[in-house]
Every structure is written in C-alpha cells, then in structure tokens.
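Peer 1: So the sequence lines, in the order shown, correspond to chains A and B.
Heads up, the first sequence is in UniProt numbering, so the first residue is 1 and it goes up one at a time.
Heads up, the second sequence is in UniProt numbering, so the first residue is 1 and it goes up one at a time.
Glycine included, every Cβ here is placed at the ideal spot set by N, Cα and C.
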Amino acid sequence: MSLTLTPNIDNADDFYADLLATHEGLSKADSDALNARLILIMANHIGDRAVLAEALDAAKKSAG
Amino acid sequence: MNKIFEIPLYPYARSADQDAAAPVRRRVVVVGAGPIGLAAAIDLAQQGIEAIVLDDNDKVSFGSRAICFAKRPLEILDRLGCGHPMVDKGVVWDTGKVFFDDRKVYEFNLLPETGHEFPAFINLQQYYFEEYLVNRARELEAEGAPIELRGGNKVLKVEDKGDHTVIEIDTPEGPYTLEADWLIACDGAGSPIRSMMGLDFVGRVFEDNFLIADVIMEAEFPTERWFWFDPPFNKGQSALLHKQPDGVWRIDLQLGWDIDKEKEKKPENVIPRLKAMLGEDVKFDLEWVSIYTFQCRRMENFRHGRVIFAGDAAHQVSPFGARGANSGLQDTDNLAWKLKLVIEGLAPDSLLDSYDTERVHGADENILNSSRSTDFITPKSDTSRIFRDAVLDLSEHYAFARPLVNSGRLSVPCTYDGSALNSPDALPGGPARTRPGSPCPDAPLDEGFLLHRLGNDFTLLTINTDVPAELEESGIKVGSLSLYSEALDPALADRYLGDAETAVYLIRPDQHVAARWDKFDETATRAAIRRAIGKE
Numbered sequence: 001m002s003l004t005l006t007p008n009i010d011n012a013d014d015f016y017a018d019l020l021a022t023h024e025g026l027s028k029a030d031s032d033a034l035n036a037r038l039i040l041i042m043a044n045h046i047g048d049r050a051v052l053a054e055a056l057d058a059a060k061k062s063a064g
Numbered sequence: 001m002n003k004i005f006e007i008p009l010y011p012y013a014r015s016a017d018q019d020a021a022a023p024v025r026r027r028v029v030v031v032g033a034g035p036i037g038l039a040a041a042i043d044l045a046q047q048g049i050e051a052i053v054l055d056d057n058d059k060v061s062f063g064s065r066a067i068c069f070a071k072r073p074l075e076i077l078d079r080l081g082c083g084h085p086m087v088d089k090g091v092v093w094d095t096g097k098v099f100f101d102d103r104k105v106y107e108f109n110l111l112p113e114t115g116h117e118f119p120a121f122i123n124l125q126q127y128y129f130e131e132y133l134v135n136r137a138r139e140l141e142a143e144g145a146p147i148e149l150r151g152g153n154k155v156l157k158v159e160d161k162g163d164h165t166v167i168e169i170d171t172p173e174g175p176y177t178l179e180a181d182w183l184i185a186c187d188g189a190g191s192p193i194r195s196m197m198g199l200d201f202v203g204r205v206f207e208d209n210f211l212i213a214d215v216i217m218e219a220e221f222p223t224e225r226w227f228w229f230d231p232p233f234n235k236g237q238s239a240l241l242h243k244q245p246d247g248v249w250r251i252d253l254q255l256g257w258d259i260d261k262e263k264e265k266k267p268e269n270v271i272p273r274l275k276a277m278l279g280e281d282v283k284f285d286l287e288w289v290s291i292y293t294f295q296c297r298r299m300e301n302f303r304h305g306r307v308i309f310a311g312d313a314a315h316q317v318s319p320f321g322a323r324g325a326n327s328g329l330q331d332t333d334n335l336a337w338k339l340k341l342v343i344e345g346l347a348p349d350s351l352l353d354s355y356d357t358e359r360v361h362g363a364d365e366n367i368l369n370s371s372r373s374t375d376f377i378t379p380k381s382d383t384s385r386i387f388r389d390a391v392l393d394l395s396e397h398y399a400f401a402r403p404l405v406n407s408g409r410l411s412v413p414c415t416y417d418g419s420a421l422n423s424p425d426a427l428p429g430g431p432a433r434t435r436p437g438s439p440c441p442d443a444p445l446d447e448g449f450l451l452h453r454l455g456n457d458f459t460l461l462t463i464n465t466d467v468p469a470e471l472e473e474s475g476i477k478v479g480s481l482s483l484y485s486e487a488l489d490p491a492l493a494d495r496y497l498g499d500a501e502t503a504v505y506l507i508r509p510d511q512h513v514a515a516r517w518d519k520f521d522e523t524a525t526r527a528a529i530r531r532a533i534g535k536e
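1. Check G479(B) in the structure and name its three-state DSSP category.
2. Have a look at the DSSP bridge pairing and note the partners of W257(B).
3. Can you give, in chain order, each stretch of the beta strand (DSSP E) that sits fully within the stretch 241–308 of chain B and has at least 3 residues?
4. At a CB distance below 7 Å, what residues from the stretch 379–397 of chain B approach chain E? Give them in sequence order.
5. Straight-line CA distance for K61(A) to D32(A)?
6. Within 7 Å (strictly less), CB to CB, does L40(A) reach chain B?
7. Counting only C-beta atoms, is A63(A) closer than 7 Å to chain B at any point?
8. Against D30(A), what residues of chain B qualify as contacts under a CB-to-CB distance less than 9 Å, listed in chain order?
9. Pick from L335(B), D43(B), A20(B), N464(B): whose alpha carbon is nearest that of P146(B)?
10. Hey, how far is the Cα of V53(B) from the Cα of V29(B)?
11. Could you name the residues that DSSP lists as bridge partners for residue 561(B)?
12. Are there three or more Cβ pairs, one per stretch, closer than 8 Å when the stretch 81–90 of chain B is compared with the stretch 125–134 of chain B?
13. Where does D45(A) fall in DSSP's three states?
14. Check whether the Cβ of R49(A) lies closer than 7 Å to any Cβ atom in chain B.
15. Could you compute how far the alpha carbon of P245(B) sits from the alpha carbon of I67(B)?
16. Identify whether P444(B) lies in helix, strand or coil by the three-state DSSP scheme.
17. Report yes or no: is there a C-beta of chain A within less than 7 Å of the C-beta of F400(B)?
18. Does DSSP put W182(B) in a helix, in a strand, or in coil?
19. Going by DSSP, name the residue or residues bridged to residue 543(B).
20. Measuring alpha carbon to alpha carbon, tell me which residue in A45(B), P231(B), N209(B), E358(B) is nearest I259(B).
21. Secondary structure at T462(B), three-state DSSP: helix, strand or coil?
22. How about A239(B) and W228(B): do their beta carbons lie closer than 7 Å?
23. Excluding five sequence neighbours on each side, which residues of the same chain lie with their C-beta closer than 6 Å to the C-beta of residue 539(B)?
24. Indicate whether I291(B) and D252(B) have their beta-carbon atoms separated by less than 7 Å.
25. At 4 residues or longer, what runs of the alpha helix (DSSP H) sit wholly inside the stretch 101–159 of chain B?
26. Helix, strand or coil for L329(B) per DSSP?
27. Could you give the DSSP three-state label for T171(B): helix, strand or coil?
28. Taking only the alpha-carbon atoms, compute the straight-line gap between D57(A) and I39(A) and give it to the nearest angstrom.
29. Near Q316(B), which residues of its chain fall below 8 Å by C-beta distance, leaving aside the five closest residues on each side in sequence?
30. Can you give the Cα-Cα distance for E486(B) and E117(B), rounded to whole angstroms?
31. Whose C-alpha, out of W249(B), D160(B), L351(B), is nearest the C-alpha of G305(B)?
32. Using a Cβ-Cβ distance under 7 Å, would A59(A) count as near chain B?
33. At the level of alpha carbons, what is the spacing between Y12(B) and G311(B)?
34. Three or more C-beta pairs under 8 Å: does that hold for the stretch 136–145 of chain B against the stretch 99–119 of chain B?
35. Just how far apart, CA to CA, sit P8(B) and V60(B)?
36. Do the CB positions of L329(B) and V342(B) come within less than 7 Å of each other?
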C-alpha cells in the first residue's frame, strides 16, 4: 500500500466543515492540542510505517 | 545496627606485592570493586584466570543507587553464582500506574513471558548486589580460585607498555608498583583511568539531576511502580516511586539541570515534596537522600591496547530503562571469555576488538533508547510537549496510545547483528529472536532450565539431530547438548525451532548464538568456531 494523494474523501466540503467545527471556540493552545491528538489517532489508524513515512515527507515537502 | 554499606568488606591489608624487590606481574588487574569490576573478576577467576581487584574504597556502594536488575543480567549473575541470592532478596512487581498532571491516566500489568527461570526484572538496592558479589568473590578465594580484593589501593598512574601495563598504586602504607598483562578499568562514570590516559567521553546529549530519596513507610503501600509526568508536586518534571526490599520505597524526582544541589538535598526541602507526592497523612522516615547527575555519552572506543574499559567508565546513560549496571554486566559477560582465550593463546589479540565493536553497538542502542525516553519525559520544544501531552491525554481513553508513553524502555539485551564473529543464518524458518548474535532466551528443560546447560564454554545445542558429543577445533573444546522433540517443552521449541524441524546452534561462552543450521555439517561448524574466536 502507498499513500493516497488523490481525492479520497467523500463530500470533501462536509469534512472540511466538520474539521473547522471541531476547533470552533478553542484557544490556540487547545486547538494545537486537539490537532496533535487527531494526528496520533489518524497515524494509528494508518499503522503502516512506510505510508506514515510518505505522509510525513509529503507534508514537509508541500510547505508553501 | 550498621547498614551493610557502612561496614568495610575488604579493608586494606598489606600485600606481599608491596614488599617485592621488583614490580610483580599479574595476569589481569581490575580497577574498581563496584558491581562491574567484581563481576569481571569473578567471571575470570572462576575460569582460572588470575584477577586482582583494586579499589581506593573498602565498602559497597553508599545508598541504594542502581536498583532495577533485568532478566538478562540476572542470568549472567546466575552463571557467576549470584543470581539466586538476588532474586530471593529482590522485589518483583507486575503492576504499574502512570499519572499525568493530577490524575491517573492508566495502569498496566507487565504479564512477563513464561518459561524463564528469572523474572523480567527485580528491584534491589545496589549495596546488596555488591555484597553478594563480594561474598561470591570470597567463596571463590576460599576454594583457591585466583581472585583477590585489595581495598585502600588507589591507582595513581597507568602506562600501557604494549605487551603489559604498569600501574602505580597508593595505599595507606605508601605507594607500590604492579604490572599486569591486562587491565580492566571499571572505575565508574568519572573514571580516573580514562582521564589519566587522556581519553574522554564523546557525544554528550543530555544533562539532568535527580533527587533520590529512600523512605520507609509506616503504613502498607502497594508493590507497584508509579510514574508521574508533570505532577503538581514537581511541575514540568517527572517522578517515580517503586519498592525495594526491607520496606523501603525509592523515590526519584527529576529536578532539571540548573539547580542548587545542596539546597535541594536538605530535609526541609525534600519532606514537603514527598508529602505532596505520597499524601499528607502518609507517615514515613527519610532513610537516604542524594542527588544524581547523569549524562548520555560513551567513549569512542572501549579497548585501548592492554587497557579495556567496561561499565559506566565506558558509557553512561540516563536512568530511564535501567540500562546502567545492566549494560555493564553485559560488557563483562562479553569480555571475560574473549580475554581468557587470548590469554591462553587460543585466540588472536584481535578477538578483543570484537568486544569493542559488540559493546559499542550495545552502548549505542542503550543511549538511543535512553535519549528517546528523556525526550518524552522532558520535551525539548513546544511542539514536542504538545505531542507528549496529547499521547498522555489519549492514553487515558484509548489503548493504542499507551505504547507511545515512554517512561523508560526496560533494558533488554543487545543482539550483535552484523558482528564479525557471527556466521550467516542457515536455519530456514528459525525464530528471529535466536538468529546469530542473539542472547539465548531461556526455556524450561527437564526439571530445570536451558541456560544452566549453556555458557562458560562453547556448546553445540542440537534439536532432533545428532552431533559428535565433543568436537575440538583450534584447541577449543566444544561440548554438546542434544534435545529431541518428545522431551521438548513447547516454549523451547517455539524459541529455537520456530517452523524448522531440526536445528543445530553454536553457542558462545556468553550464551550468545554464534551460528545456526538445520543440520550438522562438520566443515561449516569448524569454520563457524574459528570465526567466533576471531580466526576467520
């Protein structure tokens, strides 16, 4: 399995709205903490170290 | 009653060597009568190699110090004749609790693998450990083994002459000079020999201080390991509570680097911290308080000609994971048989370079693990702290996050992957845990355990196939231990056969696997023996 970097989320606008809603009303510190928990939960769901390594790399390389 | 660490166990006594007209030549001189020096001397002496231990002190270590002993070191100590006293006295625990801020986030049971003679680890004060080693050394001495402990002998100067070393020693009755074919420096983290030789520690990566307190509690307190991240009574730091024998609890409070040691050690500063930790109502007596400073670093090389470094003198790690004394015992376990073969002329001098390679590999593994624990316990950046706290928050609710919690990874023995002494793995379907380079895992055998039947010499362990009862190659006598399926414990089959039907293992004197095959091949076995003693 390799990292999926093509559109994969069913109804992307809804997901994006859910993501923002989850952060709604949180302080910067609480939002940062939530993001960290979210990353760890999703990383565990992926599990595969090679895919995780690709994801880390893709995130790093796509900085503006 | 005096504590054991207050009694001189090897007081200064004049040696005939001090009155000799010319310096006396000894086979091996071990500098330092701490746990590693004593283990080195016992290992050599019980195999007939003369070992003289010099120490400027004459007592066991003051205070509890290193208190966690893992299974592999206990197995090594058993080979040295001290494993059972350790376990009989030590405390075994299974339940651990993890606290974050002001709450418990989870608890766990160690559930150690069954089918081993020794527990995953025990808690025991270092002074007991040293006392058992001194007792064993005395026992060997009484049996006529070539071992001697010289207290009040302070090494002033060491010179490597190429084919021997010259050691200048000071005593309460004045100085004398001794020669030794080999010198093993086990003189601790501050190793004076390392400094005298102008060698230094490299790769310093971390510095911290710990307040260590031994307390005796009046009320019952559970035999559990409690670890706190960022607790209210020690903000921004960690704390650890665990039990030792004699009703003594050990408390480690991390203090950070920039502190006033003398101030922190004062009872009026220590007691309020402990009360905040244990509860205002818990009654306790403070038995011993100390501040421990550590760094993570190692010497670039552990062998320098005729001078060989072991234990803290060669490498130092954080206390997380109990990798100090435990790894030091693996150093001497690795060194003793090699030094013996070189001294007896059965192996080339270059075999000792493999001590350097294998134990540097071990030290690097320990430093890596210990540095990772340190990074988790003391995050070095805001982002690192955010992730650390996220792991701890998640661990309260979800099991997946618990393996990420790192309060120290328990010392496990190093597999010498890639060592020049290994032969290529030739056992298809064999378990990864017993590949060449691995320490032999224990397993039930007959009425006892496998490891009792291995070690001190080379052994061929065979399962469901035959080998000659004894084989001699390059002067090395190799005994055999042949086992057959009908009498085989499932744990032994699982650890040594895996998916294979038959197996032949060549086991080193330190109980590490040198080679393995699915069947006996005399030519291959002879080559593997030569390789394991540095002759290929």
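Peer 2: Judging by the given coordinates:
1. strand
2. Looking at the DSSP assignment, W257(B) forms no beta bridge with any residue, so it has no partner.
3. Runs of the beta strand (DSSP E) spanning 3 or more residues and lying entirely within the stretch 241–308 of chain B occur at 248–256, 284–295, 297–299, in chain order.
4. The question asks about chain E, but that chain is absent: this structure's protein chains are A and B.
5. 21 Å
6. yes
7. For A63(A), the answer is no, since every Cβ of chain B falls outside 7 Å of its Cβ.
8. What D30(A) touches in chain B: nothing, since even the nearest Cβ is about 11 Å away.
9. D43(B)
10. Spanning the alpha carbons of V53(B) and V29(B) requires a straight line of approximately 6 Å.
11. Coverage of chain B is limited to positions 1 through 536, which leaves residue 561(B) absent and any answer about it impossible.
12. yes
13. The question names Asp, but residue 45(A) in the sequence shown is His. Looking at H45(A) - three-state DSSP - the assignment turns out to be helix.
14. no
15. 10 Å
16. strand
17. yes
18. strand
19. Nothing about residue 543(B) can be read from this structure; chain B reaches only from 1 to 536.
20. N209(B)
21. strand
22. yes
23. A question about residue 539(B) goes unanswered here, because the residues of chain B that appear run from 1 up to 536.
24. no
25. Those alpha helix (DSSP H) runs which fall completely within the stretch 101–159 of chain B and span 4+ residues are 126–142.
26. helix
27. coil
28. Their Cα atoms are separated by approximately 15 Å.
29. Hits under 8 Å: A189, F201, F294, Q295, C296, R297, R298, G324.
30. 22 Å
31. D160(B)
32. no
33. 24 Å
34. no
35. If you draw a straight line from the Cα of P8(B) to the Cα of V60(B), it comes to about 8 Å.
36. No, these two residues do not count as a Cβ contact at 7 Å.
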